[in-house]
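Numbering (the numbering used here), first residue to last: -7 to 409.
We put the beta carbon where it would ideally sit given N, CA and C, even for glycine.
Keep in mind it's a predicted model, so treat the numbers as computed, not measured.
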Amino acid sequence: MITVAELKAKSERKFRDFLKFKIESFFSEKADCLSEAISESPEFFPLEIRSDKGKTSDNLLAREKDFLPLIQSSKQKKGKGYSLVFEQKRTRNNGTQSQLSKILFETEEDFLSFIEKKSETKRLTYALTVIFKEFCPASNNSDLLGRWAFANVSYLTEFYDEKDFWENICLCVKWLLENPVSNLYIREIPLGVHTKFIENNKALILSLLICLKDDVQEEVKVSDFEKYCGLKEKPSFVRLRSLDKTIALKVKDLSISEVSLSLEDFEHFDKSEILKNVQKIFIIENEMVYLTFPPVENALCIWGHGFSVTSLKNCSWLKNHEVFYFGDLDEHGFLILSDFRKYFPNTKSFCMDKKTLDTFDSFRAEGKSLAGEGIPENLTEEEKALFAELRADKGRNRLEQERIALGYLKERLYIDD
């Protein structure tokens, strides 16, 4: 015999189907003001919950004990909730007995009261009403929004603490539709919502915007929100420091140990006098290794910061210098090197060789492997061999560049020079 708790759990699993029914019903009801309805909505109630209802051949006392909590919590006793439907059945041992034939919810009110989901349903209806009012009656929009609603039920039932939340979501989406290439920062958008509202709801705004644009391209990541919406992106910054005291990073008479430039400015860094005597440029993946990299005559060093190093691809002036890349000795480190060489083929690796790996063999550890079996193409034969060696040793396929002693770097800089 099913318990009240089990019945509630089974009923709650029907809630998502009910919400989709509500969405379908909503758009069908609006069809009289549109040229086309999404579909004809079937009735959802009465909703029967199939379950173990016990058998008339069971022990009478046991059956009565099991039935009592179920009856006490039913609509027959409480005035709302599930209804128990009985039928009379003759049995060989127990005579004529009442057999529970159905457990069902007769109305929406009964169903929502029992599973305690009235608020979620109310929020869904309100959200749909606001969205429909803003973006319909355009028949194509109703069809698009219907599909969007089916795929984003969780957004529509969520509790939002912001006043006029859905009105403001629609306001943002509408503005972005009307201004697809504004080139403004989010904070500059001339709407009556604060910057954090848009920042906090990028995923929702993006999903609704893509729906209304009927954009069937590949999935757009939330991290690409500004780019997709034609907004100005936060600038990327490049950090660099001089490795030669005679090559000073200066602001008037002030010598600066380190400089951080926007990527846009760094792309034109060759117009500065600083590069006049620079011959070598070291790109270092790890921040601490970058900060402590030894002095080198006529050289600068740049913090590469992992895969973001490829953002330097438009800094064509780098081709005028001898460029070295120093990353971790692992599969990802060599992939980054390969990717960077797509733009700067003459880039040399620094301390990413067999000698370094063997010297610090005791510091090797387990790292993540790349998917697939291929080897990055823009590597030298020696680098490819080292990559293959690392890949083959799954438990010891990573030597972090922080593990390489500073004294060793100084020695290699002197010898390699």
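{"Item": "Where residue 82 falls, given that 16 or more other Cβ within 10 Å makes a residue buried", "Value": "exposed"}
{"Item": "Whether residue 322 touches residue 359 by CB criterion (8 Å)", "Value": "yes"}
{"Item": "Within the stretch 194 to 275, ranges of the beta strand (DSSP E) (whole runs, at least 3 residues)", "Value": "229 to 234, 241 to 243, 246 to 248 and 250 to 254"}
{"Item": "First and last residue of the uninterrupted alpha helix (DSSP H) at residue 123", "Value": "110 to 127"}
{"Item": "Length of the line joining the Cα atoms of residue 434 and residue 142", "Value": "The first residue shown for the chain is -7 and the last is 409, placing residue 434 beyond what the model contains."}
{"Item": "Cβ-based neighbour list, residue 247, same chain, cut-off 8 Å, excluding 5 preceding and 5 following", "Value": "240 and 241"}
{"Item": "Length of the line joining the Cα atoms of residue 66 and residue 109", "Value": "17 Å"}
{"Item": "Proximity of residue 204 and residue 169 at Cβ, strictly below 8 Å", "Value": "yes"}
{"Item": "Local conformation of residue 294 per DSSP, three classes", "Value": "strand"}
{"Item": "Sufficient close CB pairs (3 or more, under 8 Å) joining the stretch 333 to 346 to the stretch 314 to 321", "Value": "yes"}
{"Item": "Bounding residues of the beta strand (DSSP E) (the contiguous stretch that carries residue 317)", "Value": "314 to 318"}
{"Item": "Length of the line joining the Cα atoms of residue 364 and residue 330", "Value": "16 Å"}
{"Item": "Chain-order list of residues whose beta-carbon lies under 6 Å from that of residue 388 (same chain, five-residue window excluded)", "Value": "356"}
{"Item": "Start and end residues, alpha helix (DSSP H) containing residue 325", "Value": "323 to 333"}
{"Item": "Touch test, the stretch 165 to 179 against the stretch 132 to 139, Cβ-Cβ under 8 Å, three pairs minimum", "Value": "no"}
{"Item": "Residue interval of the alpha helix (DSSP H) (run including residue 348)", "Value": "346 to 351"}
{"Item": "Exposed unless 16 or more other CB atoms sit within 10 angstroms - verdict on residue 222", "Value": "exposed"}
{"Item": "Assigned exposure category for residue 394 - 16 Cβ within 10 Å defines buried", "Value": "exposed"}
{"Item": "Rounded C-alpha distance that separates residue 63 from residue 80", "Value": "17 Å"}
{"Item": "Candidates 162, 10, 257 and 232: closest to residue 283 by CA position", "Value": "232"}
{"Item": "Where residue 185 sits in the DSSP three-state scheme", "Value": "coil"}
{"Item": "Cβ-Cβ separation, residue 43 to residue 95 (assumed contact under 8 Å), whole Å", "Value": "6 Å"}
{"Item": "Best match in 308, 288, 286 and 281 for proximity to residue 296 [C-alpha to C-alpha]", "Value": "281"}
{"Item": "Buried/exposed call for residue 74, threshold 16 Cβ in 10 Å", "Value": "buried"}
{"Item": "Rounded C-alpha distance that separates residue 216 from residue 225", "Value": "9 Å"}
{"Item": "CA-to-CA distance, residue 37 to residue 99, given in whole angstroms", "Value": "6 Å"}
{"Item": "Beta-carbon gap between residue 14 and residue 121 smaller than 8 Å", "Value": "no"}
{"Item": "Closest residue to residue 309 among 257, 350, 278 and 300 (Cα-Cα distance)", "Value": "257"}
{"Item": "Short Cβ contact (8 Å threshold) for residue 162 with residue 126", "Value": "yes"}
{"Item": "Per-residue burial, residue 3 [other beta carbons within 10 Å of its own, 16 or more giving buried]", "Value": "buried"}
{"Item": "Beta-bridge pairing of residue 357 - partner residues as DSSP gives them", "Value": "390"}
{"Item": "Exposure of residue 53, with buried meaning 16 or more beta-carbon neighbours within 10 Å", "Value": "At residue 53 the pLDDT is 48, less than 50, meaning the model places this residue with poor confidence; the figure from the coordinates comes in the next sentence. Classification of residue 53: exposed, given that the 10 Å Cβ count is below 16."}
{"Item": "Neighbour-count burial assignment, residue 146, 16 or more Cβ in a 10 Å radius", "Value": "exposed"}
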